[in-house]
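What follows is one structure encoded as structure tokens, with my remarks underneath.
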Amino acid sequence: MFFTGLRCVGCGETHQPDRDLLLCPACDNLLDAIYDYEGMRHRIDRDAVAARPHGVWRWHELLPILDRDAIVTLGEGDTPILRCNRLAEYAGVRELWVKSDGSNPTGSLKDRSVTVAATKAVEFGYSVLSCDSTGNKASSVAAYAARAGLSSVVFCPQDTPLPKVTQAVFFGARLMRVDGHYSEVNAMYRRLIKSGEVKWYDCGTDNPFRYEGKKSYAYEIAQDFGWKVPDRVVLPVNGGMALAKSWKGFKELKELGWIDRLPTLVAVQAAECAPIVQSFLAGEQRVAPVKKGPTISSAIAGADPGLLGDRTLKALYESGGDAMGVSDDEALRAMEMLGKEGLFVEPSGAVAIAGLRRLVAEKRVDPAEKVVCVLTGSGFKDIDPIAERVVIGDAIIRNYDEMRAVSSTI
Ligand SMILES: *Cc1c(COP(=O)(O)O)cnc(C)c1O
Ligand SMILES: [Zn+2]
374 MFFTGLRCVG CGETHQPDRD LLLCPACDNL LDAIYDYEGM RHRIDRDAVA
424 ARPHGVWRWH ELLPILDRDA IVTLGEGDTP ILRCNRLAEY AGVRELWVKS
474 DGSNPTGSLK DRSVTVAATK AVEFGYSVLS CDSTGNKASS VAAYAARAGL
524 SSVVFCPQDT PLPKVTQAVF FGARLMRVDG HYSEVNAMYR RLIKSGEVKW
574 YDCGTDNPFR YEGKKSYAYE IAQDFGWKVP DRVVLPVNGG MALAKSWKGF
624 KELKELGWID RLPTLVAVQA AECAPIVQSF LAGEQRVAPV KKGPTISSAI
674 AGADPGLLGD RTLKALYESG GDAMGVSDDE ALRAMEMLGK EGLFVEPSGA
724 VAIAGLRRLV AEKRVDPAEK VVCVLTGSGF KDIDPIAERV VIGDAIIRNY
774 DEMRAVSSTI
């Protein structure tokens, strides 16, 4: 076991690896899992890890668990990495790859992290998983709870896309819809968890164990490219857990000597709700909340990312990164361009392509770069904006002659 404990990112205090903690007991800041990299370096071979059965858990030495028998998995991770030449032309870069995370078990990136949270719930002996969510986390938590034979409670904004809450309820979650946008739901939910009045395992925003699952992006992308990392990785960002933890993952690989350089990271948000982009461009160290405007990218419409947002900013600065807000029109156009490559992506995931295109147009990305865009959710998860863009004719063929006649006109 190389997981050695939790360290507070604020006061630096460390805690034993078997502690059931969310925030630092001393100062309420975020906790970060720590590992014995020195020990790992001599005992683990990157190519041996790469050859293990697919999925997030092949990297178990780099994940914060103590009991491998507790692992709750649905086969998450190792999603397709695809080179897309037409999209490269659209975005304006030489070489564009996408990481198609809609292929995860419940259709979004959330499975990468929830698999770890569910495993910790089993280790700690909980019987109920809970979270607040813009929808994808809710369906993921519900699925992993079902898989583990546990129950789940999920809190979502009232206008969460129907496929996401349908999935959650289908998996047996108690769904609580809340009048308010995500950051409002989040503030109330945090208060509820902090009150100690519920005995649920919180898989929401501040769970330090759940965070670690997102490092698998870095591991997979590095391995996908034969341990030669691409120049740039572009991610849709809500609080930025995926971005901050991808950064941690790449740094770990460098520390282990498995890769020799780090990529630049880019955060993309919806322009109408872009606290991280705004604070980054203003050079702030802490994210200032924004007033949420209307956006189609509901999965990433967090107006107040809190402490996690500060970590995201730090990762952006450290990686020499950039950040971009895109309009709904740009997100929808990117979604349609993805469709031309056979990729079915929800608008919140398609923003990565839209953001890259804007950065190239503004000469903030060198067109000679090799770039990976992470597509975080499947089109099935937010089907309405897609359904609005297709016309299904109402003609019905009644017999063979009609089929033949119609076919001769195609
Ligand atoms: C949750 C989510 C994200 C990003 O969330 P982070 O908290 O920033 O990691 C991006 N896209 C989709 C579709 C999501 O559901
Ligand atoms: Zn602390």
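Residues 374 to 783 (the working numbering) are what the sequence shown spells out, left to right.
Yeah, the Cβ is synthetic: ideal placement off N, Cα and C, and Gly gets one too.
Taking 8 Å as the cut-off, decide whether the C-beta atoms of residue i and residue j are in contact.
{"i": "residue 632", "j": "residue 663", "result": "no"}
{"i": "residue 696", "j": "residue 726", "result": "no"}
{"i": "residue 517", "j": "residue 546", "result": "no"}
{"i": "residue 408", "j": "residue 486", "result": "no"}
{"i": "residue 578", "j": "residue 612", "result": "yes"}
{"i": "residue 764", "j": "residue 586", "result": "no"}
{"i": "residue 681", "j": "residue 653", "result": "no"}
{"i": "residue 835", "j": "residue 403", "result": "Outside the displayed span of the chain (374 to 783) sits residue 835, for which this structure offers no information."}
{"i": "residue 393", "j": "residue 543", "result": "no"}
{"i": "residue 376", "j": "residue 390", "result": "yes"}
{"i": "residue 702", "j": "residue 668", "result": "no"}
{"i": "residue 617", "j": "residue 676", "result": "no"}
{"i": "residue 684", "j": "residue 382", "result": "yes"}
{"i": "residue 636", "j": "residue 660", "result": "no"}
Going by DSSP, what residue range makes up the alpha helix (DSSP H) through residue i?
{"i": "residue 600", "result": "No alpha helix (DSSP H) contains residue 600, which DSSP labels as neither H nor E."}
{"i": "residue 442", "result": "Taken as a continuous stretch (DSSP letters only), residue 442 belongs to no alpha helix (DSSP H), as it is neither H nor E."}
{"i": "residue 619", "result": "614–628"}
{"i": "residue 793", "result": "No answer is possible for residue 793: it lies beyond the span of the chain, which begins at 374 and ends at 783."}
{"i": "residue 637", "result": "No alpha helix (DSSP H) holds residue 637; the beta strand (DSSP E) holding it covers 637–643."}
{"i": "residue 687", "result": "679–691"}
{"i": "residue 653", "result": "648–654"}
{"i": "residue 519", "result": "509–521"}
{"i": "residue 436", "result": "Looking at the DSSP string, residue 436 is not in any alpha helix (DSSP H), and its letter there is neither H nor E."}
{"i": "residue 580", "result": "From DSSP, residue 580 is part of no alpha helix (DSSP H); its letter is neither H nor E."}
{"i": "residue 759", "result": "757–760"}
Hey, residue i and residue j are a contact pair by Cβ (cut 8 Å); roughly how many whole angstroms apart?
{"i": "residue 591", "j": "residue 626", "result": "6 Å"}
{"i": "residue 620", "j": "residue 638", "result": "6 Å"}
{"i": "residue 471", "j": "residue 503", "result": "Contact flag wrong, Cβ pair sits at about 32 Å."}
{"i": "residue 719", "j": "residue 698", "result": "18 Å between Cβ atoms; not a contact."}
{"i": "residue 495", "j": "residue 445", "result": "6 Å"}
{"i": "residue 674", "j": "residue 704", "result": "Not confirmed; about 12 Å, so no contact."}
{"i": "residue 529", "j": "residue 513", "result": "Going by Cβ atoms, the distance from residue 529 to residue 513 rounds to 12 Å, so no, they are not a contact pair."}
{"i": "residue 460", "j": "residue 710", "result": "6 Å"}
{"i": "residue 379", "j": "residue 406", "result": "6 Å"}
{"i": "residue 493", "j": "residue 582", "result": "4 Å"}
{"i": "residue 540", "j": "residue 479", "result": "6 Å"}
{"i": "residue 424", "j": "residue 596", "result": "The Cβ separation is near 10 Å, so there is no contact."}
Could you check where the beta strand (DSSP E) with residue i kicks off and where it finishes?
{"i": "residue 408", "result": "404–408"}
{"i": "residue 377", "result": "376–381"}
{"i": "residue 733", "result": "Element bounds for residue 733: not the beta strand (DSSP E) but the alpha helix (DSSP H), 720–734."}
{"i": "residue 503", "result": "501–505"}
{"i": "residue 530", "result": "524–530"}
{"i": "residue 454", "result": "454–456"}
{"i": "residue 396", "result": "Neither: residue 396 is in no beta strand (DSSP E) and is coded neither H nor E."}
{"i": "residue 352", "result": "Nothing about residue 352 can be reported from this structure: the residues present for the chain run from 374 to 783 only."}
{"i": "residue 358", "result": "Not covered by the structure: residue 358. The range shown for the chain is 374 to 783."}
{"i": "residue 699", "result": "695–699"}
{"i": "residue 547", "result": "547–551"}
Original post:
Between the segment 736–743 and the segment 595–615, do three or more beta carbon pairs fall short of 8 Å?
Top reply: yes
Original post:
So which residues put a beta carbon under 6 Å from any heavy atom of ligand 2, going in chain order?
Top reply: 381, 383, 384, 386, 397, 399, 400, 402
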